[in-house]
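So that you can map any letter, position 138 of the sequence shown is 556 in this note's numbering, and since no number is skipped, the others follow by simple counting.
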Amino acid sequence: MADEKDNNDVQRSPFLEEKAFKSRTVLVFGTINDKLAADVSKRLIALAAESKDPITMLVSSPGGHVESGDVIHDMIKFIDVPVNMVGTGWVGSAAVSVFLSVPKERRVCLPNTRFLIHQPSGGCGGQATDIAIQAREIVKVRERISALIARESGQTLERVTNDIDRDYWMSAEEALEYGLISRTIIKQSDIA
419 MADEKDNNDV QRSPFLEEKA FKSRTVLVFG TINDKLAADV SKRLIALAAE
469 SKDPITMLVS SPGGHVESGD VIHDMIKFID VPVNMVGTGW VGSAAVSVFL
519 SVPKERRVCL PNTRFLIHQP SGGCGGQATD IAIQAREIVK VRERISALIA
569 RESGQTLERV TNDIDRDYWM SAEEALEYGL ISRTIIKQSD IA
């Protein structure tokens with residue numbers, strides 16, 4: 419809950435908001451939830467309406483709600499503007515789905531970035547039939563995530579399925595070898 423509160427209640431500086439908009443930069447920081455997904459979607463739509471120039475998205479997130487990550491992933495594909503994805507800090511769980519929404523040549527990270535892929539988790543409760551439904555849905559999401567990572571990294575589905583069975587951490591160098599990123603960059607001018 420603390421992370422969600424951080425995303426929802428951050429005091430925003432109008433000056434910094436304007437500068438971020440003018441620089442065509444979108445931040446995905448902290449836990450991914452519905453509020454963050456809505457905010458990022460609005461920014462993407464506004465930036466796409468403003469210009470066809472590329473947008474830079476900086477991602478540092480432990481992940482969060484799978485479907486909220488899906489919203490951001492789909493919105494990036496929906497807009498008619500190229501997006502450059504830059505990993506920083508850590509890119510984990512649902513944030514990996516966001517990160518993989520752009521072509522590999524547009525996926526980069528800073529040197530100290532760490533990546534975490536794993537299967538979805540959920541807290542099942544209620545009647546036995548409801549628990550069975552939730553378990554089936556978690557398996558479907560796991561299969562979808564495995565397929566996405568395999569397709570976008572070039573790894574086999576079998577390898578990805580095995581790798582996400584437990585937490586699978588990667589450094590920037592390991593993410594490059596795995597196929598999650600095209601290269602590591604040091605400065606903003608390296609994006610172009």
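Backbone N, C-alpha and C fix where the C-beta goes; we use that ideal spot for every residue, glycine too.
Note that the coordinates shown come from a computational prediction; the quantities given were computed from them, not determined experimentally.
Residue 476 is positioned such that its CB atom lies closer than 9 Å to that of residue 447. At least 9 Å separates the beta-carbon of residue 534 from that of residue 567. Under a 10 Å Cβ-count criterion, residue 517 is classified as buried, with 16 or more other Cβ atoms of the shown protein chains found around its own Cβ. With respect to the C-alpha of residue 570, the residue from 465, 461 and 596 having the closest C-alpha is 596. Runs of alpha helix (DSSP H) with 4 or more residues, each lying fully within the stretch 523 to 602, are found at 546 to 571, 575 to 581 and 590 to 596, listed in chain order. Of all C-beta pairs linking the stretch 485 to 501 to the stretch 459 to 475, three or more are shorter than 8 Å, placing the two stretches in contact. By the criterion of at least three beta-carbon pairs nearer than 8 Å, the stretch 475 to 491 is in contact with the stretch 436 to 452. Comparing alpha carbon positions, the residue from 575, 563 and 538 closest to residue 552 is 538.
Closest in C-alpha terms to residue 588, from the list 559, 514, 462 and 442, comes 514.
No Cβ-Cβ contact shorter than 9 Å links residue 441 with residue 489. Spanning the alpha carbons of residue 585 and residue 608 requires a straight line of approximately 30 Å.
Looking from the CA of residue 605, the closest CA among 511, 593 and 527 belongs to 527. The straight-line gap separating the alpha-carbon atoms of residue 455 and residue 486 is approximately 6 Å. Burial check for residue 574: the Cβ neighbour count within 10 Å stays below 16, so the residue is exposed.
Counting along the chain, no beta strand (DSSP E) covers residue 441, and no H or E run does either. Note on residue 565: under 16 other CB atoms within 10 angstroms of its CB, so exposed under the neighbour-count rule. Residue nearest to residue 439 within the set 462, 450 and 452 is 462 (criterion: CA-CA distance). DSSP places residue 478 in the uninterrupted beta strand (DSSP E) bounded by 473 to 479. By DSSP's assignment, residue 510 forms a beta bridge with 534.
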